[in-house]
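Number of protein chains: 2
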Amino acid sequence: MTVSVKDVAARAGVSVGTVSNVLNRPEKVNETTARRVHDAIADLGFVRNDAARQLREGRSRSIGLVVLDVANPFFTDLARGAENRAAENGLSVLLGNSDENDEREKAYLELFEEQRVHGVLISPRGEVDESFERIRRRGTPIVLVDRDGTEHGLSSVALDDVAGGYLAVSHLIASGRRRIAFVGGPVSIRQVSDRLAGARKAAAEHPEVTLDIILADSLSVLAGRAVGEELRERPEGDRPDAVFAANDLLAIGILQALVMLGHVRVPEDIALIGYDDISFSATAVIPLSSVRQPSELIGYTAVDLLMREAEQRGDYAPEHVVFQPELVVRASTVSPEGGREGAAAAEALPAAH
Amino acid sequence: MTVSVKDVAARAGVSVGTVSNVLNRPEKVNETTARRVHDAIADLGFVRNDAARQLREGRSRSIGLVVLDVANPFFTDLARGAENRAAENGLSVLLGNSDENDEREKAYLELFEEQRVHGVLISPRGEVDESFERIRRRGTPIVLVDRDGTEHGLSSVALDDVAGGYLAVSHLIASGRRRIAFVGGPVSIRQVSDRLAGARKAAAEHPEVTLDIILADSLSVLAGRAVGEELRERPEGDRPDAVFAANDLLAIGILQALVMLGHVRVPEDIALIGYDDISFSATAVIPLSSVRQPSELIGYTAVDLLMREAEQRGDYAPEHVVFQPELVVRASTVSPEGGREGAAAAEALPAAH
DNA sequence: CTGCGTTTGTGAATCGTTTCAATTACGCGA
DNA sequence: TCGCGTAATTGAAACGATTCACAAACGCAG
Chain S
1 MTVSVKDVAA RAGVSVGTVS NVLNRPEKVN ETTARRVHDA IADLGFVRND
51 AARQLREGRS RSIGLVVLDV ANPFFTDLAR GAENRAAENG LSVLLGNSDE
101 NDEREKAYLE LFEEQRVHGV LISPRGEVDE SFERIRRRGT PIVLVDRDGT
151 EHGLSSVALD DVAGGYLAVS HLIASGRRRI AFVGGPVSIR QVSDRLAGAR
201 KAAAEHPEVT LDIILADSLS VLAGRAVGEE LRERPEGDRP DAVFAANDLL
251 AIGILQALVM LGHVRVPEDI ALIGYDDISF SATAVIPLSS VRQPSELIGY
301 TAVDLLMREA EQRGDYAPEH VVFQPELVVR ASTVSPEGGR EGAAAAEALP
351 AAH
Chain H
1001 MTVSVKDVAA RAGVSVGTVS NVLNRPEKVN ETTARRVHDA IADLGFVRND
1051 AARQLREGRS RSIGLVVLDV ANPFFTDLAR GAENRAAENG LSVLLGNSDE
1101 NDEREKAYLE LFEEQRVHGV LISPRGEVDE SFERIRRRGT PIVLVDRDGT
1151 EHGLSSVALD DVAGGYLAVS HLIASGRRRI AFVGGPVSIR QVSDRLAGAR
1201 KAAAEHPEVT LDIILADSLS VLAGRAVGEE LRERPEGDRP DAVFAANDLL
1251 AIGILQALVM LGHVRVPEDI ALIGYDDISF SATAVIPLSS VRQPSELIGY
1301 TAVDLLMREA EQRGDYAPEH VVFQPELVVR ASTVSPEGGR EGAAAAEALP
1351 AAH
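Chains as they are written, first to last, in our numbering: chain S, 1 to 353; chain H, 1001 to 1353.
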């Protein structure tokens, strides 16, 4: 039924070895022979059977990527970076969506291992258990993304959320703000607590600055709206003069409550900064200052670590890269006439730990 | 190096056939033997080699999905639906992101064919050329998504954008609006021209209704903002009393310009409806009416068509499913006190053509 | 015309799993 | 104890591409 190299060989009047050579080492075969083979391939509509090739090679030509949520721009950007770097190495990326579900995460991990992928990039949902290490030891390199792997002995590419929080609040302080509020969702989320820790650090450096903590139910626009409304209701003297929201969705909700549904001016009365720099931030009524993460670079780098790990079979030495976030200053923190220069954005520098 | 069934068989003191039986037809093998085999598998850390299995089977256990843009919520929802249905059939979905790039689209198609996937779901970027049909004839079922395949003899799951446009404008008319404007990006995009056609059809049914067409540069918030500003500048009598935007991003931009940066009231002065029902629409300052597409159902159905096509090898009969969009009424088209009932949302009914 | 180096082509062996016809073991009634 | 039906197990063949040691063909200097 399906056409195999054997059929192609017969049609072209050569041996299977020659067909394989035409496909894989064209320089080894005479030009006219090669043409005959190519013609035969076209005539017969031959398509390489990847399974057979893989079986022989021992490894597939792709790498697996398991993300928490394909709908999250952070992960799609990350995936793009990974795809690009993989393509440069002649590999393709198979995207698996765990949807924050342990079962599915495990299923994809299993699938990828059975497929003998070149390696797996994964942003694990919960704890990193020994199953990861076992997979690695059986021969499939693993790199954690958006999660530090130091204590698990796994390579990883992570983000410095503490630095991000520090950047945001330092910027607010540098803009002359003193009564700062941090608005954040469940502190059980590592990213949230890290960003808060960074905020605290920045505030602690200035004795005259106060840092209030306002808890939000979740990291959503609606939760932000609720917080914004509460702020709006406060007597003017009781309000913070700056708000650092744990992510942009919250910030957008706050912005809506303050400016559109209320009468508080941003940034004159309250300066506002978010986190993630999602595309909506730039196009908000009042363009939102934010902290940007080099998502694409993370994917790109993760593939690099993977390749390096795949080579050094044997003497395994996990590597860890932590990226620094970048401050993006827009109108929500600096008055148009305020004169303050847009605070040089910190470059995103990889820092090996 | 790597552990094979042979090693497992040796360890358990059985034949390879038995190991395979334990894995694939457990009912055929004695319980105590099965336990011995399982122990051996665990001891040795055996992992099935999918390539070998596939080689034998002739087909892989996954289906390929090529989308235009993983960052687009429409496609991620679609992917979720496809994954769910595939899982019910014991298959997994490999997601390929063509990023609206012909090269990448072709590369993924080739990869999937070489992998002998069960079938391919694809939202093609440009024209559907004969290469699709060739792939199908070679034995890999193909189903087009978000694109009608009737004229190419390929199965497809599409959306009725004309009906969507009709729904939107009919709703505006039913709400008492008469001077309606359609705001849309490049009409070269099929979705845009279809929605416009639907809008025209609805308007044509009411002689007293006028339909203005305002071209936008793109389907983005910024383009919408520009259009909104233009509307705001018009003398009051010159303004439409309702706007149908070709997508939600445009609508949000318009909303911002009218309400937040201007003094036009929505829906009192101008009613506004978008298209796509992205999550931001529900959380806009003024929650946006929109037209929702059953994205998840599309992916789900596409997998069904794929499975059916895979069975009927031989007597191939392409099937076409067109889904109807659904009207979502929110505050941007009905005044809170306006009394108009929230117009029963049309059910999303599959209609085979 | 011989010998040797180079280029080009050959085909059997291999990868690891599944399948299936054949074999063995087992239980039980006669 | 024999025979027979059922259950359990076996092992060799097959899937299709790649590799590699080897052979053939060719060119050319001596």
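Backbone N, C-alpha and C define an ideal beta-carbon position, used for all residues, glycine too.
Beta-carbon spacing of residue i, residue j below 8 Å
i: D276/S; j: Q293/S; result: yes
i: G1228/H; j: D1248/H; result: no
i: I180/S; j: L211/S; result: yes
i: L1258/H; j: T1333/H; result: no
i: A158/S; j: V322/S; result: yes
i: A1310/H; j: H1118/H; result: yes
i: A1079/H; j: V1093/H; result: yes
i: D161/S; j: Q191/S; result: yes
i: S1295/H; j: L1288/H; result: no
i: I1189/H; j: V1221/H; result: no
i: R36/S; j: A10/S; result: no
i: L359/S; j: I135/S; result: The question about residue 359/S has no answer here: the residues shown for chain S are numbered 1 through 353.
i: G45/S; j: V3/S; result: yes
i: G1064/H; j: F1112/H; result: yes
i: L1068/H; j: R1125/H; result: yes
i: G164/S; j: L219/S; result: no
i: V1143/H; j: S1123/H; result: no
i: V120/S; j: L95/S; result: no
i: P325/S; j: V285/S; result: no
Test: residue i CB closer than 8 Å to a CB of chain H
i: N49/S; result: yes
i: R265/S; result: no
i: V66/S; result: no
i: L211/S; result: no
i: A40/S; result: no
i: V70/S; result: yes
i: L297/S; result: no
Short CB-CB distance (under 8 Å) between residue i and chain S
i: G1185/H; result: no
i: E1400/H; result: There is simply no residue 1400/H to check, as chain H begins at 1001 and stops at 1353 in what is shown.
i: G1339/H; result: Bear in mind that a pLDDT of 40 at G1339/H, under 50, signals an unreliable position, so the model cannot answer this.
i: A1052/H; result: yes
i: G1119/H; result: no
Three-state secondary structure assigned by DSSP to residue i
i: H1152/H; result: helix
i: A245/S; result: strand
i: I1286/H; result: coil
i: T333/S; result: coil
i: E110/S; result: helix
i: T1210/H; result: strand
i: G176/S; result: coil
i: F46/S; result: coil
i: H38/S; result: helix
i: A1087/H; result: helix
i: I278/S; result: coil
i: S1092/H; result: strand
i: E1326/H; result: strand
i: I1122/H; result: strand
i: H1320/H; result: strand
i: A181/S; result: strand
i: S1170/H; result: helix
Within chain S, partners of residue i - CB distance below 9 Å
i: N1097/H; result: T76, A79, R80, E83, V93 and L95
i: Q1293/H; result: Here the premise fails: no neighbours, minimum Cβ distance about 15 Å.
Interface residues of chain H facing residue i [CB-CB closer than 8 Å]
i: T150/S; result: What T150/S touches in chain H: nothing, since even the nearest Cβ is about 25 Å away.
i: Q312/S; result: Simply none; closest approach about 16 Å.
i: F280/S; result: V1221 and F1280
Proximal residues to residue i (C-beta, below 7 Å), its chain only, five neighbours per side dropped
i: P1240/H; result: R1179, I1180, A1181, D1212 and I1270
i: L1091/H; result: R1061, S1062, I1063 and H1118
i: V1008/H; result: V1019, V1037, A1040, I1041, L1044 and F1046
i: A16/S; result: The sequence shown places Val at residue 16/S, rather than the Ala named in the question. Excluding sequence neighbours, V16/S sits near V5, K6 and A9.
Residues near residue i by beta carbon distance below 6 Å, same chain, minus five either side
i: V1303/H; result: A1082, R1085 and A1086
i: A1202/H; result: Y1166, V1169 and S1170
i: E1205/H; result: none
Chain H contact residues for residue i, given Cβ-Cβ distances below 9 Å
i: L261/S; result: V1285
Partners in chain H for residue i, counting only beta-carbon separations shorter than 7 Å
i: E31/S; result: Here the premise fails: no neighbours, minimum Cβ distance about 24 Å.
i: V322/S; result: Per Cβ cutoff of 7 Å: no residues; V322/S is ~25 Å from chain H at best.
i: P73/S; result: A1071
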